[in-house]
Structures are given as C-alpha cells and as structure tokens.
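Last residue of the sequence shown? That's 242 in this note's numbering, and every number before it is there in order. Note that the Cβ used here is the ideal one computed from N, Cα and C, for glycine as well. What you are looking at is a predicted structure, and each value in this text was computed from that prediction instead of being measured. What follows is a short report on a single structure.
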Amino acid sequence: MTLDRTNVHTPKDPVVLDSGMSKTLHNGLEILELLTRHPHGLNTTDIAIGIGVHRTVAHRLIRTLEAHRLCRRDDRKQIYLGAGLVTLAEPVEQDLRELARAVLEELADSLESTTHLVVREGAAEVRALIVTPPRSARPHISFRPGQVDPINRGSAGLAMLAALPAQDGERAEVARARQRGFAVTVGEVTPSITGISAVVPHRRAESLISIGVSVFDSSNEEELGEAVIAAAQQLADLLR
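Shown next as structure tokens:
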C-alpha cells in the first residue's frame, strides 16, 4: 500500500523534541505510530517520508524494531506492526479483560452458550482474548483463548471489517453485517458452529474489539444478534 503523502508527517498532536529527549527513540516511536495509521503496511521509502528522515536512517530504525519484534515485513517488503507489541500491551489488555469478563459471563449465562472477546491483531488477523463458557451444565462449545484466525473468516473478524469503510470485493457477509450491526458465519472457525459477533463501538480501526457467541442452533439469529450488540455497547460504556 502506498502512503498518502498529502497527510503523512505528523500525528494530530506532534511531539515537540527538547534537549532532554532522544531523537532516535522519538523517530522509532513515530514509525510505530505511522504503522498504526496504515495497517495494510508501508515500504521503507514511505516510512522515511512519513517521519521525515533519510531512507538509510529509516532502514536502521526498522531493523532495530524488527529485532525487538515491534514490526515485521512480508515477502513484498511491506512493513507492519509486530507481535512484540502484544507483550508490551499485556498490562493494558489485563484491564480490558477485567472489564469484559463480567459482561461475557452475563451474556454466556443468559444465552447458555460460549461467548468470546476477540481483538484485532494487525491488518489480517484476529485473536481470541477471552473465551467464556456458560456456568450451566448444558453442552457448550469450547476453544482456547489466544487462538488466531484470519480477519476475513469467522464472525468476529467480519464484524470488525464491517466497522471499516466498504471495500471493493469485500464479502457479501461483511456488507450484510454493516447493515444489521452484527456478523454471522457458519462453520468458518469451528465446523458446524455458528458464530454471531458485534464490534464494540467507539474504537479506532487498529484497536477494534468484538463480542460474540458460538452456538449449535442459530434459529433465533436476530435475538442472538441483538444480545451481542447490547453486550458490545455495555463494554463500550465501561471502557469510556
């Protein structure tokens, strides 16, 4: 993806360097901030332009960030945020877990089904942060927290894509989710299981979160959809 060079050089509130600050560290952090605004990746030249340094300087900064797993590059030499940021964000995620757990438990018990909180993991993947089974003895679906899936497969990822502007060639299920407020998929993550998810509102594109439910029987799809929308709004209110 090519950087939009008409609006690249600084975030809305640029940091003003003083003599007590490290310019090198500042530039490295600016790269990370730039990549959050371009989740589809950038090349070295565009990053250099984006933070206002020579390409050689950008290359060294990127190599250092790669060594710490804070960014990564694909076979096309596009550069993205890296998985090492997950480790750094763990204390923040812990706060999110604490706020979300009660919401998920209440939803799981009311629907007698497994619920989940899923976070966006870069441009192309999502990760299950919390999986909450119902406390009743009724048979339920089980899968592990930490599971990573493509963002274009499964209700959680489709709900996140539906929260973004429409794209040419996007799946019909994404457009439908945008209209309904929740996404539905069948058998895309777990065979024969229906997933129904809604995105938590008022989140930035790079930090999208969804709340969802996994069920054997989706005959009451609209009711389930309304329930996950309400739970997503409840969590959004707690996060403000």
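(request) Between the Cα of GLU107 and those of ARG129, GLY84, ARG122 and VAL133, spot the shortest distance and give me the residue it belongs to. (result) VAL133
(request) Look at LEU210 and LEU101 and say whether their C-beta atoms are less than 8 Å apart. (result) no
(message) Which same chain residues end up closer than 7 Å to LEU72 when comparing Cβ atoms and leaving out the 5 residues on each side of it in sequence?
(response) Excluding sequence neighbours, LEU72 sits near LEU34, GLY84, GLY86 and LEU87.
(request) Report all residues from its chain with a CB closer than 6 Å to the CB of GLN149; omit the five preceding and five following residues, and keep chain order. (result) ALA130
(message) I need the straight-line Cα distance from ALA207 to ARG103, nearest angstrom please.
(response) 23 Å
(message) I need the boundaries of the beta strand (DSSP E) containing SER199, first residue and last residue.
(response) 196-201
(message) Going residue by residue through the region 79-130, where are the continuous beta strand (DSSP E) segments of at least 3 residues, counting only ones entirely within it?
(response) 81-83 and 116-123
(message) So for LEU19, helix, strand or coil by DSSP?
(response) coil
(request) Look at the alpha carbon of GLN1 and the alpha carbon of ARG57, and state the distance between them as a whole number of angstroms. (result) With the chain covering only 3 through 242, there is no way to say anything about residue 1.
(message) By DSSP's criteria, GLY214 is part of a beta bridge. Which residues make up the other side?
(response) HIS118 and SER199
(request) Could you say which of GLY171, MET162 and ARG75 lies nearest to ASN45 if we only look at CA atoms? (result) ARG75
(message) Quick check: the Cα distance between ASP77 and GLU172, rounded to an integer number of angstroms?
(response) 24 Å
(message) With the cut-off set at 8 Å, would you say GLY111 and ARG146 are in Cβ contact?
(response) The identity of residue 111 in the sequence shown is Asp, whereas the question assumes Gly. Contact: no.
(request) Please classify ASP76: does DSSP put it in a helix, a strand, or coil? (result) coil
(request) On the DSSP bridge assignment, give the partners of ASP151 in chain order. (result) VAL128
(message) Restricting to runs no shorter than 3 residues, where is the beta strand (DSSP E) found entirely within the region 149-191?
(response) 150-152 and 185-188
(request) Out of ILE143, LEU113, LEU90 and ALA164, point me to the one whose CA is closest to GLU224's CA. (result) GLU224 has its Cα closest to that of LEU113, out of ILE143, LEU113, LEU90 and ALA164.
(request) Any chance you could list the alpha helix (DSSP H) runs of at least 4 consecutive residues sitting entirely within the region 23-76, in chain order? (result) 25-39, 46-53 and 57-69
(message) Out of VAL217, VAL188, GLY227 and ALA50, which one is the CA nearest neighbour of SER144?
(response) Among VAL217, VAL188, GLY227 and ALA50, the Cα nearest to that of SER144 belongs to VAL217.
(message) Within 10 Å of its beta-carbon, does MET162 have 16 or more other beta-carbons around it, so buried, or fewer, so exposed?
(response) buried
(request) Quick one: using the 10 Å Cβ neighbour count with 16 as the cut-off for buried, is LEU237 buried or exposed? (result) Buried, because 16 or more other Cβ atoms sit within 10 Å of the Cβ of LEU237.
(request) Could you tell me whether the Cβ atoms of ALA185 and LEU109 are closer together than 8 Å? (result) No, the Cβ-Cβ distance between ALA185 and LEU109 is not below 8 Å.
(message) Please return the same chain residues whose Cβ sits closer than 7 Å to the Cβ of ARG7, not counting the five positions on each side in sequence.
(response) Caution is warranted here: a pLDDT of 49 is assigned to ARG7, below 50, making its placement in the model unreliable, and no coordinate value can be reported.
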